[in-house]
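Please read the structure below before turning to the comments.
Quick look at the structure:
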């Protein structure tokens, strides 16, 4: 059952050193900045972070990396014009990188939530990102075996929650939220609004409450929502 | 691009002998009865049908089987109190059965639409339905290799379509529709209502128009909708 | 130990299962007998019911004007929708089950083995048309799989057995077995008897060909 | 054959790609140069744009009050929503791509080989931080993968090559290559030159270390 908690600090309580944490978002869209801030405040170290990127600018995931809390990043696209904190730690040998094609990243996360141990996909065949991996021909195409990717905790930004933990997202900020929510042992979601049970049409629920452990309403930052 | 056609006959045109046809529905909920009627009318024979069941009562899929059009059924639950047409053909050796656990059936259909050649799942391990299949231990569990299941055509019943082919469903009649729509070379959907583009909130589209080839509006049967 | 009250009927078994479902659980009740467990869940149980044909928050059976052909359960019986419900497609629904997100699944059985193997889908009789549905997924998918069954067949043969003779549904998946004569927990240490209904531990031991541990005083 | 007009610029390449996209296609335009193809799609092209971060029906770049931080494209640039759009999560979005549902994908490249191998994600230079994003999925996922690039590097080295020396993105995936000097089709029979821009077939042959077939009269 879902706990609706009052503060981001309560929402991230118990995330310990060495945890694997999935962080929703694609760049800034859907990034749970306030939960990450609370995670920094909470002091956890040696984290493995699963995200599409490795931090942009100085906020959120970038700040977590800057503070030296991240041992390893599993992502598809670390290097960007504003990934300076990751770049610095990576070049200094202070952070490990597992680079995963974006579709494999999404599918591996989905597999973890869906009880699929591993799957064959054409993506990556013949490239350095498939080196050492099992390959077989299926349906006339060479396919690479990829394994499910799960986490201890998922931190997700969504739009509306009802008091049963049912969740909706907003536009392309949906991105990794629904699959990460299903792939983590504990799922923590920050939302813009909490409504009573019955406040979301059952046809339009994107993440059912079964996947959600804690919800916290976060007041949108100035300029972060319209 | 989607074609909005006027009749069920046009919607199923071109389905030839020997085709593999996915048919949506779980029992009667979501069963595209009018499309199946048109398929019977169209005369195609030697069909392979993918559905959860093997026909209930005398309508829809049951009628298709009664008419001797079906060479093989791939399903999870053929035997029911009202599956008499299938039972008769099966006992007479006139129809082949591939029995698939329901979750494997759904996941294999999803895999076909998602470009996954095969996947490992614990379901079925140690049972007669996994005999002869590849098994390996992943994450401490014995898992069975299952292959994607695709089709030439999917016949689906949904609720509303817009003129771009975006689709919504109604309650538990959603069932296999979205995954079958993505797993077939040609997807044909019968709906209760067609609305202009923009008539479905982009957040609430369940099957995007990219998966849909033909849409036909069917007047609900007396008592079949409320 | 001596006999302890009377054997319980189906209703009693359903009540026993319901009493063991933790508050706030997400639960799938198998077709047939297990469906009756819902009648014994208190209004404040916080239990959310899953039906594998694509819904969480399933309500009681629908009657009269409530009947909607688009809203049925896994047994294809019209049901109702509770506030806070959600709908999803079949792959998402089985992902929910197979991904281990349900807390409890309750199933009927032909046989359960001492190791927790389940046989509940196929009699294996020649000429029988097999149908598996979601049984193999359900048996493995929930965090805890409970079985409800009479302990003996109509012919008096035990259904809790050293090894299943019927075709298996899944291996080592059953955690608890609720029967008319006793409730069992299948643990790494062996089969524990948790409750007795109208029989003694000694009589139960004599009845079954499975080593039993007495945990009734637990 | 003699020289045919002038070399085309980036704008001309984008127009050439746009002209070859069939009416009603579902298309993904890669980050950077390929994005500009959208400027050349006619209003009645019937083309629907996919962005892999979870949207079909993407509109032009957003400006001023239209900017919404929750609505961005794969290049993380604010965009707009067209009527008939839909949103979906990342696994569904890549399933759409990887399942072969997109008609055309347009990508930039460091190199394309005569067999259609693509290198567009990593220079392989020591010290470079690799980043792959959706490149490997896009290259394989669409029914047709088109590449847009200058034919030569700044140093004058051909980018259409017998074998890629840069790390591969995917094997045998590119169907057409649009460059400033020529347009190529990579076919089972070899590399066909479909159009020439300010160069002759003979000069192009001399420039490239790849066997070429003259299909300009096609």
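Residue numbers (the working numbering), protein chains in the order written: chain A, 1 to 226; chain B, 1001 to 1226; chain C, 2001 to 2218; chain D, 3001 to 3218. Every residue gets a Cβ at the ideal spot worked out from N, C-alpha and C, and that includes glycine. Here the structure is a predicted model, which means the values were calculated and not measured.
Check, Outcome
"Chain C contact residues for residue 1 (chain A), given Cβ-Cβ distances below 7 Å", "2024 and 2046"
"Chain B contacts from the segment 3076-3090 of chain D (Cβ-Cβ distance under 8 Å)", "3081, 3083, 3084, 3085, 3086, 3087 and 3088"
"Beta carbon proximity, residue 1102 (chain B) to chain A, threshold 8 Å", "no"
"Partners in chain C for residue 1178 (chain B), counting only beta-carbon separations shorter than 7 Å", "2089"
"Cutoff 8 Å: residue 139 (chain A) Cβ touching any chain B Cβ", "yes"
"Cross-chain neighbours of residue 3094 (chain D) in chain A, by beta carbon under 8 Å", "102, 103, 106 and 107"
"Segment limits, alpha helix (DSSP H) that includes residue 1037 (chain B)", "1033-1042"
"Assumed close pair residue 1026 (chain B), residue 1120 (chain B) - CB separation to whole angstroms, cut-off 8 Å", "No, residue 1026 (chain B) and residue 1120 (chain B) are not in contact; Cβ-Cβ is about 26 Å, not under 8 Å."
"Proximity below 8 Å, CB of residue 1083 (chain B) to CB of residue 1063 (chain B)", "no"
"Chain A contacts from the segment 2038-2063 of chain C (Cβ-Cβ distance under 9 Å)", "2046, 2048, 2050, 2055, 2056 and 2057"
"Nonlocal neighbours in the same chain, by C-beta distance under 8 Å from residue 3067 (chain D), ignoring five residues either side", "3078"
"Residues of the segment 110-125 of chain A whose Cβ lies closer than 8 Å to any Cβ of chain D, in chain order", "110, 121, 122, 123, 124 and 125"
"Presumed contact (8 Å Cβ cut-off) between residue 3016 (chain D) and residue 3178 (chain D), rounded CB distance", "5 Å"
"Rounded straight-line distance, which links the Cα of residue 2166 (chain C) to that of residue 2071 (chain C)", "34 Å"
"Minimum Cβ-Cβ distance from residue 1204 (chain B) to chain A less than 8 Å", "yes"
"Candidates B:1150, B:1102, B:1131 and B:1137, of which the one nearest residue 1295 (chain B) by Cα", "Given that chain B is displayed from residue 1001 to residue 1226, the structure contains no residue 1295 (chain B) and the question cannot be resolved."
"Best match in B:1080, B:1184 and B:1048 for proximity to residue 1071 (chain B) [C-alpha to C-alpha]", "B:1048"
"Other residues of its chain near residue 3034 (chain D): CB distance less than 7 Å, five sequence neighbours each side excluded", "3106, 3107, 3108 and 3148"
"Nearest neighbour of residue 2212 (chain C), chosen from C:2142, C:2113 and C:2054 [CA to CA]", "C:2113"
"Residues that residue 1166 (chain B) bridges to, as DSSP identifies them", "Paired residue(s): none; residue 1166 (chain B) is not in a bridge."
"Contact check, residue 3103 (chain D) vs residue 3043 (chain D), beta carbons under 8 Å", "no"
"Alpha-carbon to alpha-carbon, residue 2021 (chain C) and residue 2040 (chain C)", "11 Å"
"Sequence-distant residues of its chain with Cβ nearer than 8 Å to residue 3162 (chain D) (five each side left out)", "3113, 3114, 3209 and 3210"
"CB contact flag (residue 1143 (chain B), residue 1034 (chain B), <8 Å)", "no"
"Residues sharing a beta bridge with residue 2186 (chain C), DSSP", "C:2191"
"At least three beta-carbon pairs within less than 8 Å, the segment 1148-1167 of chain B to the segment 149-166 of chain A", "no"
"Residues bridged to residue 94 (chain A) (per DSSP)", "BP columns for residue 94 (chain A) are empty, so no partner."
"4 or more residues per run - each alpha helix (DSSP H) lying fully within the segment 1079-1142 of chain B", "1084-1091 and 1102-1114"
"Residue 1212 (chain B) versus residue 1030 (chain B) - alpha carbon distance", "16 Å"
"For residue 1107 (chain B) and residue 2128 (chain C), the rounded distance between their alpha carbons", "27 Å"
"Proximity below 8 Å, CB of residue 114 (chain A) to CB of residue 2099 (chain C)", "yes"
"C-alpha distance - residue 2191 (chain C) paired with residue 2146 (chain C), whole-angstrom precision", "14 Å"
"Supposed close pair residue 4 (chain A), residue 194 (chain A) - CB separation, criterion 8 Å", "6 Å"
"Residue 3010 (chain D) versus residue 2096 (chain C) - alpha carbon distance", "48 Å"
"Which residues DSSP lists as bridging residue 2102 (chain C), in chain order", "DSSP output for residue 2102 (chain C) lists no bridge partner at all."
"Any chain B beta carbon closer than 8 Å to residue 2154 (chain C)", "no"
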